[in-house]
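Asks:
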Amino acid sequence: MNKKLPHLMHKYALFLLLYAAGGWCFLSAQTLDRPRLDFDTPCASSGYNTFKVFFSWAPVGSVMEDNEFILELSDANGDFANSTELARVGDMNNTDTFEFEFGFPDTTAGEKYRVRVRSTKPEKFSPPSDEFPAYYRKVNQSLTINVIDGNVVGDVELCGGGNYELSVHNYPDESAYIWYKNGVAVPGENGASFMVSEAGQYYAEVDYGQYCSSDTASNIVTVTVGEALEVSINDGLPAKEVCPGDNATLTADIDRANYTYIWYKNGEQVGNPGYRPRLSLDASAPQGEYRVRVETPGGCMAESNSVQVTTPDISVTTDKGSNVLLLPGETVTITASTTASAPEYTWYKDNVPLPGNNNRAITINEPGTYKVKVKQSSGCMVEVFSPGTRVARPERFVITIDPDGGYTPCQNASATLRLSGIYAETEDGTSMDVYDEYKNKFNYQWYRNNNYLDGRTGTSLTIDQTTENGTYALKATYEDSDIWSDDIDLRLRLEETVTIEASDDILCGGSITINITTNTGNTDYTYAWYRDGEKISENTTTLDIEEEGAYRLGVSAYGCTVFSNELVIHPFDESVIEVDASERIIIPEGTSKTVTATGGDTYFWYNAENELISDTASVAISEEGLLTLRAYVGDCEVVREFTVEYQDGYIIPNVVSPNNDGINDHWVLPNVYAFNPDIEVTIYSSTGQIVLQTTEYQNNWPESTMTYARNKPVFYYRILKEGKEVVRQGTITLIR
261 MNKKLPHLMH KYALFLLLYA AGGWCFLSAQ TLDRPRLDFD TPCASSGYNT FKVFFSWAPV
321 GSVMEDNEFI LELSDANGDF ANSTELARVG DMNNTDTFEF EFGFPDTTAG EKYRVRVRST
381 KPEKFSPPSD EFPAYYRKVN QSLTINVIDG NVVGDVELCG GGNYELSVHN YPDESAYIWY
441 KNGVAVPGEN GASFMVSEAG QYYAEVDYGQ YCSSDTASNI VTVTVGEALE VSINDGLPAK
501 EVCPGDNATL TADIDRANYT YIWYKNGEQV GNPGYRPRLS LDASAPQGEY RVRVETPGGC
561 MAESNSVQVT TPDISVTTDK GSNVLLLPGE TVTITASTTA SAPEYTWYKD NVPLPGNNNR
621 AITINEPGTY KVKVKQSSGC MVEVFSPGTR VARPERFVIT IDPDGGYTPC QNASATLRLS
681 GIYAETEDGT SMDVYDEYKN KFNYQWYRNN NYLDGRTGTS LTIDQTTENG TYALKATYED
741 SDIWSDDIDL RLRLEETVTI EASDDILCGG SITINITTNT GNTDYTYAWY RDGEKISENT
801 TTLDIEEEGA YRLGVSAYGC TVFSNELVIH PFDESVIEVD ASERIIIPEG TSKTVTATGG
861 DTYFWYNAEN ELISDTASVA ISEEGLLTLR AYVGDCEVVR EFTVEYQDGY IIPNVVSPNN
921 DGINDHWVLP NVYAFNPDIE VTIYSSTGQI VLQTTEYQNN WPESTMTYAR NKPVFYYRIL
981 KEGKEVVRQG TITLIR
């Protein structure tokens, strides 16, 4: 064995370790140089977007075989936090100098971009390049501005103090623009439009920075500024009154044949634009708000003041309204009021002028329809008529009376009747309301039930006593004529509280007496008894009842009724008496059983000989026979009867011979099971079908009409107590 071998192995392992360590140190010595730009101010576009960056690194072999070099672009401020990858190469791991070829993203727009190179294995970053402006130009042609009706207009003439909007026509949606005045960028103006107010030469560019924008420069628009243009109409006054039928005009204070005039009425253009310094108003409807706009050939514009054109609006009214009543021997004076200046009056009767009646007022003593014509004698000569006033003699008067608001028959403690209307009816049937004019011309007297009420005069009457209920009427007297109102049935409430009570509210045979407990003390009252809302009796203060129901008493007087409280009479419910035994009581002979009743006030137990055997709730029984209970709840009696039998035993037959010989024809159960409501008997066929299922089995199975297919059929039975406990079960064989 070579004993030097372990020593050599140690040397070899040490060599490998040093080699690996040296390799790691070698890899970590990789250097990425600053990228060198092959451009100064890149202006990328869809037609030109190929650029180069030179890059060197060292030493060759210091990166992994699957390393990649990635060229990254910063944001517009030179920050690489969210860098953009421009290019990537994976085949330059053995080349220390090479170039990246790439295109800028279409979102590129800024002045401080930088690039850097990143290796992936190991990951290292080169120093960033120098800053450079870069823009991706979506627009590569000249802008057009001030396009009007499809034509580029190069000259704009402004009036002094005016302004004008220049706007980009062909590319209006770029993010930013540069506007120039006389070759100098206008600070702060970067929108697609620019409002100018000064003379100069204007053009626009898309804002692609200092070096990339010039190719988009627009056409130049020359703006000149002249003197301010002003125009007014109607001598600058805001209003003009036009007389009806006049051929009125409005005139601008500037009259030049090469100017364009556009007139407006109430905001709507009137006629066509042109040389129209005067506007003739429509004589049929001149009213409205007018203005004019004037335009010069050079584009200067001015708007006039607004003028409100009106026509005279005069009115005339009279103080008597549309209907006036003329009483015999009296006169009526009608007076006119008007807004006309220097009015002249002419009165008419039935549309015919009245000669000599030219004053503001007229005194009338004849029926007819009167009106006045007013003519304005200064300014516009305008005429207007007042509404007509009909003057008529009454054929008769009608008066009405009503209670004050809130009155409801038999609900109010007091009420006031008032004269509510006076109407005059003329010979043609027209009714006129003359309450205000004539209410003080009549004398008044009140009546109740056609009886004169002494001292009750005037236009109102207050009633506050129930005894004064009745039919009221008012008589009005004028000279020798009497006028009667319609009748009013006035009923105040009865000031009574009626209470009834009964000797009992449970009906159990016989009758119950209901009495009135409130003493009304008035012999004028009448009475009516009601059950369930139906009248059942009258003119009695007590009622004996034998039927259940809801009872009330109605007390009536002076046309009103007041109702008592309601008493509900119930029938006696015998189920309140409960006994802890069924009607059939089975006891073994020689024993006793205690039966107890509940729900009553007193109890009496009787045997078959009607002898009292207990006067308490319980009774002990030991003999067969009839047992009777008489229980009492108040005056109500409940009678229950029970049959006491000795128990037959517990033998249940398993053979039945239904041959109608009177012997063993039926399956007979002991009395502890038969006729017992707590026992359920079920009989099944041999196939499991239910043949009989019943409680209180009557010892009557099988019926004589029952048929069966084979000799000596076997049936099965089950006996349950209270539907749950199986007390007996077995078989039954039928033989002939």
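Everything in the sequence shown is counted per this note's numbering, starting at 261 for the first residue and increasing by one. We treat Cβ as the ideally placed atom computed from N, Cα and C, and that holds for glycine.
#1: Our contact map puts Tyr-550 next to Arg-536 with C-beta atoms below 8 Å; I'd like the distance itself, whole angstroms only.
#2: Within the continuous alpha helix (DSSP H) that includes Gln-568, where are the two ends?
#3: According to DSSP, simplified to helix, strand and coil, what is Asp-495?
#4: Candidates Ile-748, Leu-886 and Glu-761: which alpha carbon is nearest Ala-675's?
#5: Determine the DSSP secondary structure at Cys-472, reduced to helix, strand or coil.
#6: Would you kindly check if the distance between the Cβ of Ala-464 and the Cβ of Ser-474 is under 8 Å?
#7: Considering just the uninterrupted stretch of the beta strand (DSSP E) at Tyr-957, what are its terminal residues?
#8: For the putative contact between Val-485 and Glu-458, defined by C-beta atoms under 8 Å, what is the C-beta separation to the nearest angstrom?
#9: What residues are listed by DSSP as bridge partners for Thr-301?
#10: What are the start and end residues of the alpha helix (DSSP H) that includes Glu-697?
#11: Comparing alpha-carbon positions, which option in Ala-369, Gln-461 and Ile-995 lies nearest Lys-972?
#12: Can you check whether the CB of Ile-622 is closer than 8 Å to the CB of Thr-598?
#13: Find the nearest neighbour of Val-554 within the set Val-694, Val-974, Glu-697 and Leu-489, judged by alpha-carbon distance.
#14: Along the beta strand (DSSP E) that carries Phe-935, what are the first and last residues, could you check?
#15: Could you check the C-alpha separation between Pro-432 and Gly-338 for me, to the nearest Å?
#16: Could you tell me the distance, in whole angstroms, from the CA atom of Ala-394 to the CA atom of Leu-426?
#17: Going by the DSSP bridge assignment, what does Trp-607 pair with across the sheet?
#18: Pull up the CB-CB distance for Ala-857 and Ile-881, whole angstroms please, since I reckon it's below 8 Å.
#19: Out of curiosity, what's the CA-to-CA distance linking Pro-302 and Gln-290?
#20: Given a cut-off of 8 Å on the beta-carbon distance, is the pair Glu-940 and Gly-983 in contact?
#21: Below 8 Å, how does it come out for the segment 698-716 and the segment 630-646: are there three or more Cβ pairs, yes or no?
#22: Just to confirm the assignment, what range does the beta strand (DSSP E) spanning Gln-705 have?
#23: Provide the residue span of the beta strand (DSSP E) that contains Cys-820, from first to last.
#24: Rounded to whole angstroms, what is the Cα-Cα separation between Glu-685 and Arg-653?
#25: Would you call the CB atoms of Arg-791 and Tyr-818 closer than 8 Å?
#26: Would you check if there are 3 or more beta carbon pairs closer than 8 Å linking the segment 761-768 to the segment 821-834?
#27: For a test of the three-state rule: what should DSSP assign to Thr-291, helix, strand or coil?
#28: For Ser-582, which residues of its own chain have a beta-carbon under 8 Å away from its beta-carbon, when the five flanking residues on both sides are left out?
#29: I need the straight-line Cα distance from Val-567 to Asp-542, nearest angstrom please.
#30: Ignoring anything shorter than 3 residues, give me the beta strand (DSSP E) runs that lie fully in the segment 572-627, in order along the chain.
#31: Using DSSP's beta-bridge definition, name the partner residues of Val-554.
#32: Assess contact between the segment 377-397 and the segment 302-320, defined as three or more Cβ pairs (one per stretch) separated by less than 8 Å. Is contact present?
#33: Pair every Cβ in the segment 946-961 with every Cβ in the segment 888-901, then say whether three or more of these pairs are closer than 8 Å.
#34: Since I believe Pro-930 is in contact with Ser-842 (beta carbons under 8 Å), could you give me their beta-carbon distance rounded to a whole number of angstroms?
#35: Cβ of Arg-1057 within 8 Å of Cβ of Asp-693?
#36: Thinking C-alpha only, which one of His-429, Gly-469 and Tyr-424 is nearest Asp-409?
Replies: Inspection of the coordinates gives the following:
#1: For the purposes of this step, residue 550 is taken as residue 290 along the sequence shown, with counting starting at 1. For the purposes of this step, residue 536 is taken as residue 276 along the sequence shown, with counting starting at 1. Contact between Tyr-550 and Arg-536 is absent: CB atoms are separated by about 13 Å, not below the 8 Å threshold.
#2: Locating residue 568 in the sequence shown gives position 308, where the first residue counts as 1. Premise fails: Gln-568 lies in the beta strand (DSSP E), 567-570, not in any alpha helix (DSSP H).
#3: Counting from one through the sequence shown, the residue named residue 495 turns up at place 235. DSSP, reduced to helix, strand and coil, places Asp-495 within a helical segment of the structure shown.
#4: Numbered from its first residue, the sequence shown carries residue 675 at position 415. The option with the nearest alpha carbon to Ala-675 is Ile-748.
#5: Position 212 of the sequence shown, counted from the first residue, corresponds to residue 472. DSSP, reduced to helix, strand and coil, places Cys-472 within a helical segment of the structure shown.
#6: As a working note, residue 474 is residue 214 in the sequence shown. As a working note, residue 464 is residue 204 in the sequence shown. Taking a C-beta distance under 8 Å as the contact criterion, Ser-474 and Ala-464 do not qualify as a contact pair.
#7: Looking up residue 957 in the sequence shown gives position 697. First-last for Tyr-957: undefined, no H or E at that position.
#8: Here residue 485 is taken as the residue at index 225 of the sequence shown, counted from 1. Here residue 458 is taken as the residue at index 198 of the sequence shown, counted from 1. Rounded, the Cβ-Cβ distance is 7 Å, consistent with contact.
#9: Within the sequence shown, residue 301 is the residue found at index 41, counting from 1. In the DSSP output, where bridge partners are listed per residue, Thr-301 has none listed.
#10: The residue you call residue 697 lines up with position 437 of the sequence shown. Unbroken alpha helix (DSSP H) run through Glu-697: 695-698.
#11: Position 712 of the sequence shown, counted from the first residue, corresponds to residue 972. The residue with the shortest Cα to Cα distance from Lys-972 is Ile-995.
#12: As a working mapping, residue 598 is identified with position 338 in the sequence shown. As a working mapping, residue 622 is identified with position 362 in the sequence shown. Annotated as distal: Thr-598 and Ile-622, with beta-carbon spacing of 8 Å or more.
#13: The residue given as residue 554 occupies position 294 in the sequence shown. When only C-alpha atoms are compared, the closest one is Leu-489.
#14: As a position in the sequence shown, residue 935 is number 675, starting the count at 1. Premise fails: Phe-935 is in no beta strand (DSSP E) and is neither H nor E.
#15: For the purposes of this step, residue 432 is taken as the residue at position 172 of the sequence shown. For the purposes of this step, residue 338 is taken as the residue at position 78 of the sequence shown. So the two alpha carbons sit approximately 29 Å from each other.
#16: Taking the first residue of the sequence shown as position 1, residue 394 is located at position 134. Taking the first residue of the sequence shown as position 1, residue 426 is located at position 166. The alpha-carbon atoms of Ala-394 and Leu-426 are separated by roughly 28 Å.
#17: Counting from 1 along the sequence shown, the entry for residue 607 is found at position 347. According to DSSP, Trp-607 bridges with Val-632.
#18: In the sequence shown, counting from the first residue as 1, residue 857 sits at position 597. In the sequence shown, counting from the first residue as 1, residue 881 sits at position 621. Not confirmed; about 13 Å, so no contact.
#19: As a first step, residue 302 is located in the sequence shown; it is residue number 42 there, counting from the start. As a first step, residue 290 is located in the sequence shown; it is residue number 30 there, counting from the start. Whole-angstrom Cα-Cα distance: 31 Å.
#20: Locating residue 940 in the sequence shown gives position 680, where the first residue counts as 1. Locating residue 983 in the sequence shown gives position 723, where the first residue counts as 1. Yes. Within cutoff.
#21: Below 8 Å, too few C-beta pairs join the segment 698-716 and the segment 630-646 to call them touching: fewer than three.
#22: Taking the sequence shown and counting its residues from 1, one reaches residue 705 at position 445. Residues 703-708.
#23: Residue mapping note: residue 820 aligns to position 560 of the sequence shown, counting from 1. Here the beta strand (DSSP E) through Cys-820 covers 820-823.
#24: Counted from its first residue, the sequence shown places residue 685 at position 425. Counted from its first residue, the sequence shown places residue 653 at position 393. Looking at the two C-alpha atoms, the distance is approximately 9 Å.
#25: Taking the first residue of the sequence shown as position 1, residue 791 is located at position 531. Taking the first residue of the sequence shown as position 1, residue 818 is located at position 558. Cβ distance not < 8 Å, so Arg-791 and Tyr-818 don't count as in contact.
#26: The segment 761-768 and the segment 821-834 touch, with no fewer than 3 CB-CB distances between them shorter than 8 Å.
#27: Counting from 1 along the sequence shown, the entry for residue 291 is found at position 31. Thr-291: strand per DSSP, three-state reduction.
#28: In the sequence shown, counting from the first residue as 1, residue 582 sits at position 322. Counting only residues of its own chain and dropping the five nearest sequence neighbours on each side, Ser-582 has a CB closer than 8 Å to the CB of Pro-647, Gly-648, Thr-649 and Arg-650.
#29: The sequence position of residue 567 within the sequence shown is 307, counting from 1. The sequence position of residue 542 within the sequence shown is 282, counting from 1. C-alpha separation (whole angstroms): 15 Å.
#30: Listed in chain order, the complete beta strand (DSSP E) runs (minimum 3 residues) inside the segment 572-627 are 576-578, 583-585, 592-598, 603-609 and 621-624.
#31: Position 294 of the sequence shown holds residue 554. Tyr-521 and Ala-562, per the DSSP bridge assignment.
#32: By the Cβ criterion, the segment 377-397 is in contact with the segment 302-320, since at least three pairs of Cβ atoms, one from each stretch, lie closer than 8 Å.
#33: These segments do not touch.
#34: The count along the sequence shown starts at 1 and reaches residue 842 at position 582. The count along the sequence shown starts at 1 and reaches residue 930 at position 670. The pair is not a contact, with the Cβ atoms about 16 Å apart (cut-off 8 Å).
#35: The question about residue 1057 has no answer here: the residues shown for the chain are numbered 261 through 996.
#36: The count along the sequence shown starts at 1 and reaches residue 409 at position 149. Of the candidates His-429, Gly-469 and Tyr-424, the one whose C-alpha sits nearest the C-alpha of Asp-409 is His-429.
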